[in-house]
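Here is the structure we will look at, set down as structure tokens.
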Amino acid sequence: MPHDGQQEQAERLHKVMARAGVASRRVCEEMIAAGRVTVNGTIARIGDRAGPADRIEVDGAVVIWDTAMVHYLVNKPSGVLSAASDDRGRRCVTDLVPTAERVYPVGRLDAESEGLIIVTNDGELTHRLTHPSWGVDKEYLVHVDGVPARGALAQLRTGIELDDGPTAPAVVSMPQPSVLRIVIHEGRNRQVRRMCDAVGHPVLRLVRTRIGPLTDPALRPGEHRSLTADEVRELHRAARG
């Protein structure tokens, strides 16, 4: 329920949920009646109200309704930094999104690598997607030098000993010679490149194609789009394991 001092800004909960894109007002009321909605950790009831300081969750996924909060999916081209700014004037991924809000990229994607990256000012989602304990999958399509043998693929799948410790098991397939599909849930610096180097097949090109449940093959390099409310909720859900 609204915190003290928030009563004047509070609205009926089902209206707040509808405006955030959860569903229609009627369906939102049905969700509340079914006990699927919590406000500040307490199961909500029909007629409850919520204010800007309240945390609303549906089936455990946070409802984003702060109009100042933005979430973009960007297809980062090679040569663009995964950073909010650069003191040497190099192009950053935040330069690819049109917003007046202070935003930052979620996680690492080195300058030479391409593919999907989230840009947002949502601190909680950023923490959930980048913290190793949550284990959100990231999928990469990797063109390597040479054709890895079965032994190399087995090493990648079971774990590679790197200078900062062993990697967790990865899901690895080879859809065509010299092209690997690798799924990991860790976020170490240049991890996929270092894994491939370790088995003797340096990366020639690396493209991230999926973040948790999020993918968009129609998004071209350099393009961006806003995430839908459903996609933000799915990311929160994936980050909860």
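Per our numbering, residue 983 is the first one in the sequence shown, and the count goes up by one each step. We put the beta carbon where it would ideally sit given N, CA and C, even for glycine.
Rounded to the nearest angstrom, what separates residue i and residue j at their Cα positions?
i	j	result
residue 1143	residue 1015	51 Å
residue 1197	residue 1133	30 Å
residue 999	residue 1079	26 Å
residue 1164	residue 1122	5 Å
residue 1084	residue 1218	21 Å
residue 1063	residue 1042	33 Å
residue 1162	residue 1108	27 Å
Here's a check: name, in chain order, each residue in its chain whose Cβ is nearer than 7 Å to the Cβ of residue i, leaving out the five neighbours to either side.
i	result
residue 1159	1129
residue 986	In this prediction, residue 986 scores a pLDDT of 47, lower than 50, which makes its location untrustworthy; no coordinate-derived value is stated.
Helix, strand or coil for residue i per DSSP?
i	result
residue 998	helix
residue 1174	helix
residue 1014	helix
residue 1147	strand
residue 1026	coil
residue 1197	coil
In the DSSP assignment, what are the bridge partners of residue i?
i	result
residue 1142	The partner list for residue 1142 (beta bridge, DSSP) is empty, contrary to what the question assumes.
residue 1097	1058 and 1190
residue 1074	1063
residue 1038	1021
residue 1102	1053 and 1086
Using a 10 Å radius around the Cβ and a threshold of 16 neighbouring Cβ atoms, would you call residue i buried or exposed?
i	result
residue 1186	exposed
residue 1024	exposed
residue 1166	buried
residue 1096	buried
Under 6 Å Cβ to Cβ from residue i, same chain only, skipping five residues before and after it: list those, please.
i	result
residue 1207	1055
Go through its chain and collect everything with a Cβ distance to residue i's Cβ below 8 Å, but skip five positions before and after it.
i	result
residue 1146	1170
Using a Cβ cut-off of 8 Å (strictly closer), state whether residue i contacts chain C.
i	result
residue 1217	Absent here is chain C; the protein component of the structure consists of one chain.
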